[in-house]
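Chemist: Structure incoming, see below.
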């Protein structure tokens with residue numbers, strides 16, 4: 660097993676450990692993809708811009724929540740002209756699929772990986788099946804591909820309302836905004852929503868009320884849609 664970008668190494672017994680000599684192995688600054696300039700050149704360029712121009716700022720968001728995992732985002736932006744100089748995202752949580760699956764029946768990958776994440780299990784199962792087929796030189800029959808695509812469509816019908824209404828939506832709900840940013844709630848009651856003839860929400864406050872956990876109309880609708888997609 661070979662990790663080219665992760666700070667992980669295995670001993671003779673197959674036990675995985677973090678590679679030494681890396682002060683912050685989970686930082687987005689540890690491993691960056693090449694993009695014309697080398698990592699050092701990009702870093703020096705951004706530091707020069709930050710030092711010489713007060714409009715250039717760097718932001719490091721770690722962790723980014725509501726993604727059913729751990730993600731770090733590093734951004735350098737020019738706030739004067741509204742442009743981004745650099746933007747990188749990195750998954751910082753090592754879930755250990757590879758370690759769990761070492762020495763097991765290859766078919767176990769489909770079931771183990773799909774249960775390691777509580778949100779997008781179907782995608783992990785699909786990728787595991789593809790990996791097994793590529794490793795063993797198996798060609799998927801056309802009807803098998805059609806069935807998998809139907810499963811992916813159901814997975815998308817699950818993931819989208821799950822994130823929008825159940826995970827991220829409550830952050831913008833009436834209950835949360837009233838408690839954390841009451842001044843925004845006052846504006847929301849006056850802000851008219853475009854497209855009211857399509858969705859039925861006259862003001863932004865109406866929309867935020869519908870996102871209230873357990874009681875909001877959109878929250879409950881999200882529960883119904885995710886249940887239907889899971890049944891598919």
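Residue numbers (this note's numbering): 660 to 891.
Where is the CB? At the ideal position from N, CA and C, for every residue including glycine.
#1: Report back the beta-carbon spacing between residue 824 and residue 743 to the nearest angstrom; my notes put them in contact at under 8 Å.
#2: Measure the C-alpha to C-alpha separation of residue 802 and residue 812 and round it to an integer number of angstroms.
#3: Assuming residue 722 and residue 736 are in contact, meaning their beta carbons sit under 8 Å apart, how far apart are those beta carbons, in whole angstroms?
#4: Where do the ends of the beta strand (DSSP E) carrying residue 720 lie?
#5: Indicate whether residue 814 and residue 782 have their beta-carbon atoms separated by less than 8 Å.
#6: Closer than 7 Å to a non-hydrogen atom of the ligand FMN - does that hold for the CB of residue 855?
#7: Is residue 748 helix, strand or coil when you go by DSSP?
#8: Between the alpha carbons of residue 849 and residue 857, how many angstroms are there, rounded?
#9: Can you tell me the Cβ-Cβ gap for residue 785 and residue 766, rounded? I've got them flagged as a contact below 8 Å.
#10: Answer yes or no: do residue 827 and residue 889 have a C-beta to C-beta separation smaller than 8 Å?
#11: For the pair the region 853-872 and the region 826-845, tell me if three or more CB-CB distances fall below 8 Å.
#12: So what's residue 753 in DSSP terms, helix, strand or just coil?
#13: List the whole-angstrom C-beta distance separating residue 761 from residue 673, where the pair is believed to meet the contact cut-off of C-beta under 8 Å.
#14: Taking 6 Å as the limit between beta carbons, can you name the residues of its chain near residue 820, skipping five residues before and five after?
#15: Out of 734, 876, 841, 853, which one is the CA nearest neighbour of residue 701?
#16: The beta strand (DSSP E) spanning residue 860 covers which residue range?
#17: With 16 as the cutoff for other CB atoms within 10 Å, does residue 787 come out buried or exposed?
#18: What three-state label does DSSP hand residue 804 in the structure shown?
Modeler: Here's the rundown:
#1: In this structure, residue 824 and residue 743 do not form a Cβ contact; the two beta carbons are roughly 29 Å apart against a cut-off of 8 Å.
#2: For residue 802 and residue 812, the distance between alpha carbons rounds to 15 Å.
#3: 20 Å between Cβ atoms; not a contact.
#4: Residue 720 -> beta strand (DSSP E) spans 715-723.
#5: Contact: yes.
#6: Summarising the ligand content, the structure contains no ligands, and the ligand FMN is consequently not present.
#7: Strand.
#8: The alpha-carbon of residue 849 is positioned some 19 Å away from that of residue 857.
#9: Wrong, their Cβ atoms sit about 14 Å apart, outside the cutoff.
#10: With a cutoff of 8 Å on beta-carbon distance, residue 827 and residue 889 are scored as not near each other.
#11: A contact between stretches requires three or more CB pairs, one per stretch, nearer than 8 Å, and the region 853-872 meets this requirement with the region 826-845.
#12: The answer is coil: DSSP assigns residue 753 none of H, G, I, E or B.
#13: Between residue 761 and residue 673 a beta carbon distance of about 6 Å is seen, short of the 8 Å cut, so the two are scored as contacting.
#14: Excluding sequence neighbours, residue 820 sits near 881, 884, 885.
#15: Shortest Cα-Cα distance from residue 701 to any of 734, 876, 841, 853 involves 734.
#16: In the DSSP annotation of this structure, residue 860 is not part of any beta strand (DSSP E), being labelled neither H nor E.
#17: When all chains shown are included, residue 787 counts as buried.
#18: Under the three-state reduction of DSSP output, residue 804 falls in the helix class.
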